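Start counting the sequence shown at 843; every next residue gets the next number (our numbering).
C-beta atoms are modelled at their ideal positions from N, C-alpha and C, and glycine is treated no differently.
Remember, predicted model here, so these are calculated numbers, not experimental data.
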Amino acid sequence: MARPLSFTTMRRTTRSLDPGNVRARWNDVPVMEQPVTTTWRRKLAVVVVLVLVVFGVATVRLFVLPDLNPLPAHADAIIELAGPGNRDATTMALVRSGRAPVVAQSTVPVEAGTHRCLPAVEGVEVLCFNPDPGTTRGEARYIGEMAAQRHWQSVIIVTTPDHALRAQLRISRCFPGTISVATSPLPWWDWFRQIPYQWAASAKALVFQTDC
């Protein structure tokens, strides 16, 4: 025969099912905010990835693989700008191929002890100059002045890929003629320094120094 349910057991059962007690326990359950936080983190991650992709593509198009016009068969002068890379070899190859009757090499003060003027080439006038200021802007001013004196209508600029578009922009503000750019390879170890430098220098040329 089954044992009758004791009064004590009934009281415990009744208390555990008390509506007020159930509501109190329900209110103690923490609000689930984790899904909302996770959603915002995912959105932020997507935005960061998109920004990095855009920055990477822009860097490649502006400084690594710039869109440059083909070199002409002939120009009034070849100008080698100062900077890293074996620019002398690129310049001399253009000179020996008869691209121009004049070649000018820029040597800034920091390179004065390590760079000499280009070697003589028969039938070609070789010039060396120290731009003032010793920057791309100073080189552009020199080109503009020489072009006005010598009636140059076209020039070929020798520099590295990271510098090509900025140099073209600077020179176009001082020289109204045709500007072509020949690039010399940049050593791989210089890319780490040149990329941030070229971003900053390009911003300076576009925003703060908009004249010759």
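Assumed close pair residue i, residue j - CB separation to whole angstroms, cut-off 8 Å
{"i": "Q995", "j": "T1020", "result": "7 Å"}
{"i": "T901", "j": "I1037", "result": "6 Å"}
{"i": "A1047", "j": "L1011", "result": "6 Å"}
{"i": "R983", "j": "Q1051", "result": "Rounded, the Cβ-Cβ distance is 12 Å, inconsistent with contact."}
{"i": "P926", "j": "P1027", "result": "Rounded, the Cβ-Cβ distance is 10 Å, inconsistent with contact."}
{"i": "A942", "j": "A917", "result": "5 Å"}
{"i": "L910", "j": "V1023", "result": "5 Å"}
Bridge-paired residues (DSSP) for residue i
{"i": "Q947", "result": "E922, C970"}
{"i": "V997", "result": "A919, I1021"}
{"i": "V963", "result": "V966"}
Residue interval of the alpha helix (DSSP H) (run including residue i)
{"i": "Q1040", "result": "1030-1045"}
{"i": "G986", "result": "978-992"}
{"i": "T1058", "result": "Here the chain covers residues 843 to 1054 and nothing more, so residue 1058 does not appear."}
{"i": "Q1010", "result": "1003-1014"}
8 Å CB neighbourhood of residue i in its chain, flanking five on each side removed
{"i": "A962", "result": "V968"}
{"i": "V864", "result": "With a pLDDT of 48 at V864, under the threshold of 50, the predicted position of this residue should be treated as unreliable, though the coordinate-derived value follows. Nothing meets the Cβ criterion."}
{"i": "V937", "result": "I920, V945, L960, V963, V966"}
{"i": "L904", "result": "L1007, Q1040, S1044"}
{"i": "L923", "result": "R929, S948, T978, E981, I999, V1000, T1001, H1005, A1009"}
{"i": "G940", "result": "H916"}
Neighbourhood of residue i by C-beta distance below 7 Å, restricted to the same chain and skipping five residues each side
{"i": "C1016", "result": "A982, R983, I985, G986, C1054"}
{"i": "S1014", "result": "I1021"}
{"i": "R958", "result": "none"}
{"i": "D974", "result": "G980"}
{"i": "L913", "result": "I998, S1022, A1024"}
Cutoff 6 Å; reference residue i; Cβ partners in own chain excluding five residues on either side
{"i": "L894", "result": "none"}
{"i": "W868", "result": "Because W868 carries a pLDDT of 48, less than 50, the predicted location of this residue cannot be relied on, and no value is offered for it."}
{"i": "V950", "result": "A924, G976"}
Distance cut-off 7 Å: residue i Cβ against heavy atoms of the ligand MN
{"i": "V906", "result": "In terms of ligand content, the structure shown is empty, and the ligand MN therefore cannot be addressed."}
Quiz prompt | Contact between the region 990-1005 and the region 884-893 (3+ Cβ pairs under 8 Å) | solution = no
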